[in-house]
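In terms of this note's numbering, the sequence shown is residues 667 to 860.
By construction, the Cβ of each residue, glycine as well, lies at the ideal position given by its N, Cα and C atoms.
On a predicted model such as this, the values are computed, not experimentally measured, just so you know.
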Amino acid sequence: MTVSLEERIRQIEDHYQRLLPYPALTVGEAKTQAGRAGDSEFTYGETPPASLMEMLRAAGLSADDVFYDLGCGLAQTVLVASLVCKQAHGIEYLEPLARIAGEAARALGIDNVRIHNTDYRDADLRDGTLFYCYATCTTEPTRALICARLLATAPGTRIVTVTHPLDHPEIERREPVELWWGGGRHNVYLHVRR
Ligand SMILES: C[S@@+](CC[C@H](N)C(=O)[O-])C[C@H]1O[C@@H](n2cnc3c(N)ncnc32)[C@H](O)[C@@H]1O
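Okay, structure coming up:
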């Protein structure tokens, strides 16, 4: 029996719901443990799968894409993207979140996901062709470091950010669109590596 994309996304959502009915508690503990409780760059928020899919489709998502979520948290985004991309990577600094994310992929039998427990400002992003960053709480210096890493990617690479655009002469920025989720309005920016 063929399982539809919608059904597979629902399975991922159900898995997370059962595993972590209160994700904020898990994230709060992880931040405290890492000494980041007061660091606004580690403010947590999740992108609903439907909104992620809308953004990725607008970015010209293809089955050949290598997807990265910069700051993937519990990585529901990464698992969802893995259903429609060749390979999906999540980069997350907080170890407990990265561990849970990897376990979720294994439990769901998803084998084209890799979770990297590291700082995305130092990560090797060369093979990525489609990037997502829920950048609402990033600072300008952090976004500059993200741009520097993205310069190693191939021309035509697409980068989607939320709230803040990237600002670099080698990265073309398209007009933002507005999306609603979690009771709020979000500006979404599509960029293309020149
Ligand atoms: C707003 S949450 C987004 C979670 C997920 N991307 C989503 O959209 O559902 C941002 C995540 O980025 C992580 N983060 C913040 N700075 C980071 C850094 N420099 N390197 C890796 N992860 C980072 C935080 O710990 C948090 O889990």
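Quiz item: Are the CB atoms of C813 and L832 nearer to each other than 8 angstroms?
Solution: Taking the sequence shown and counting its residues from 1, one reaches residue 813 at position 147. Taking the sequence shown and counting its residues from 1, one reaches residue 832 at position 166. Contact check for C813 against L832 passes: the beta carbons are separated by less than 8 angstroms.
Self-check item: DSSP state of A725 mapped onto helix, strand, coil
Solution: Taking the first residue of the sequence shown as 1, we reach residue 725 at position 59. In the structure shown, A725 adopts coil according to DSSP, grouped into three states.
Quiz item: Looking at T784 and Y759, is the spacing between their C-beta atoms short of 8 angstroms?
Solution: Taking the sequence shown and counting its residues from 1, one reaches residue 759 at position 93. Taking the sequence shown and counting its residues from 1, one reaches residue 784 at position 118. Inclusion of Y759 and T784 in the CB contact set at 8 angstroms is warranted, their separation being smaller than that value.
Quiz item: Span of the alpha helix (DSSP H) holding I675?
Solution: Within the sequence shown, residue 675 is the residue found at index 9, counting from 1. Its alpha helix (DSSP H) spans residues L671 to L685.
Quiz item: Nearest-angstrom Cα distance between R792 and P689?
Solution: Residue mapping note: residue 792 aligns to position 126 of the sequence shown, counting from 1. Residue mapping note: residue 689 aligns to position 23 of the sequence shown, counting from 1. Looking at the backbone, the Cα of R792 and that of P689 are separated by about 31 angstroms.
Quiz item: Does the Cβ of L760 lie closer than 7 angstroms to at least one heavy atom of ligand 1?
Solution: The residue given as residue 760 occupies position 94 in the sequence shown. Set against 7 angstroms, the gap from the CB of L760 to the closest heavy atom of ligand 1 is smaller.
Quiz item: Exposed or buried, P821, counting other C-beta atoms within 10 Å across all chains shown (16 or more means buried)?
Solution: One-based indexing of the sequence shown puts residue 821 at position 155. With a 10 Å radius around the Cβ and a threshold of 16 neighbouring Cβ atoms, P821 comes out exposed.
Practice problem: Leaving out five residues on either side along the sequence, give the residues of the same chain with a beta carbon under 7 angstroms from the beta carbon of A703. | Solution: Within the sequence shown, numbered from 1, the residue matching residue 703 stands at position 37. The beta carbon of A703 sits closer than 7 angstroms to those of K697, all from its chain and outside the five residues before and after it, given in chain order.
Practice problem: Enumerate in chain order the residues of its own chain whose CB-to-CB distance from N778 is below 8 angstroms, with the five nearest sequence positions on each side excluded. | Solution: Locating residue 778 in the sequence shown gives position 112, where the first residue counts as 1. Excluding positions up to five away in sequence, the list reads S748, C751, K752, Q753 and A754.
Practice problem: Return helix, strand or coil for D833, following the three-state DSSP convention. | Solution: The residue labelled residue 833 in the question sits at position 167 within the sequence shown. In the three-state reduction of the DSSP assignment, D833 falls in the coil class.
Quiz prompt | Where L691 falls, given that 16 or more other Cβ within 10 Å makes a residue buried | solution = Here residue 691 refers to the residue found at position 25 of the sequence shown. L691 should be labelled exposed.
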